[in-house]
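Working notes, beginning with the structure itself.
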Amino acid sequence: MSVDEGTTVQPSPTTSAPAPAVADPAPLGLAAFALTTFLLSAANAGWMTKATGSAWLGYAFAYGGLAQLLAGMWEFRNKNVFGAVAFSTYGGFWIGLALWVELVAAHAPSAAAASHDVAWILLAFAIFNSYMLILSTQLNMAVFGVFLTLELTEIILVIGNFSGSSGTVKFGGYVGLVTALVAWYTSAALVSRGVGGKLQFPVGKALIS
């Protein structure tokens, strides 16, 4: 094929390759949250009578903290604002709580002062959790259940730590165990959807659509 003189040949436009699909990071974030919550709640509930009670601490850094924070960053990649904010915040929560135990708690002037620290921390996160709970009504019942049980856990532990009531903290531990189970279920349901097989666990419809 010849080209006449004076004719400008335009290069064909190049098309950029589509961005590779990213797997849903939510099941990882929920699993990390669930396991770390389970360990701490088991200690609060008084189940770890023959253990140190600090089994949750390393996982607050590595799993509930780092893995959940990474899940939040990947949710930003997925343009999922709710998941990004939720996972990043609670990843930071676990890392911050573990740092508080390591750097501050040991130097607290009294056990009461340390308990009040925990109460103030949980109160701050309960405020955050409140608007996330409201917004989760637009997602599905499983995610709403995670934020509802977490809200109850935080409020009960705030009351228990401010009042110095070990019984209330223990009760908060039991509610925290329920929170962990709900989060694990939601993680499993999302994994089942990601696998795409016949076995898929229901998550329920949104309360507000």
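Just so we're aligned, residue 1 is where the sequence shown starts under my numbering, counting upward by one.
Backbone N, C-alpha and C define an ideal beta-carbon position, used for all residues, glycine too.
Around the beta carbon of glutamate 154, 16 or more other beta carbons sit within 10 angstroms, so the residue counts as buried. In its chain, beyond the 5 residues on either side, Leu69 have a beta carbon closer than 7 Å to the beta carbon of glycine 92.
Runs of beta strand (DSSP E) with 3 or more residues, each lying fully within the stretch 173-209, are absent.
Cβ-Cβ separation between valine 146 and valine 182: approximately 5 Å, consistent with a contact (criterion under 8 Å). The Cβ atoms of alanine 206 and leucine 152 do not sit closer than 7 Å to each other. Here alanine 60 is buried. Its C-beta has 16 or more other C-beta atoms within 10 Å. Here glycine 96 has Ile121 as same chain residues with Cβ atoms under 8 Å from its own Cβ, once five neighbours each way along the sequence are excluded. A Cβ-Cβ separation of about 3 Å places glycine 64 in contact with threonine 36 under the 8 Å criterion.
Within the stretch 56-83, complete alpha helix (DSSP H) segments of at least 4 residues are found at 68-77, given in chain order. For alanine 42, the uninterrupted alpha helix (DSSP H) run begins and ends at 26-44, by DSSP.
Taken through DSSP and simplified to helix, strand or coil, valine 104 comes out as coil. In the three-state DSSP reduction, leucine 150 falls in the helix class (H, G or I). Its chain contains Ser41, Asn44, Ala45 as the residues whose beta carbon lies nearer than 6 Å to that of glycine 173, once the 5 sequence neighbours on both sides are disregarded; these appear in chain order. Taking a 10 Å sphere around the C-beta of glutamate 102, we find fewer than 16 other C-beta atoms and assign the residue as exposed. The alpha carbon of glycine 58 has as its nearest neighbour, out of Ala98, Thr49, Val203, Lys170, the alpha carbon of Ala98. When Cβ pairs closer than 8 Å are counted between the two stretches, the stretch 78-93 is seen to touch the stretch 122-137, the count reaching three or more. By the CB criterion at 7 Å, threonine 149 and valine 178 fall inside the cutoff. The Cβ atoms of proline 25 and tryptophan 74 sit closer than 7 Å to each other.
Assignment of beta strand (DSSP E) within the stretch 110-141, counting only whole runs of 3 or more residues, yields no such run.
Taking the Cα positions, glycine 160 is about 44 Å away from glycine 197. Secondary structure at alanine 98: helix, using DSSP grouped into helix, strand and coil. Per DSSP, reduced to three states, the secondary structure at glycine 167 is helical.
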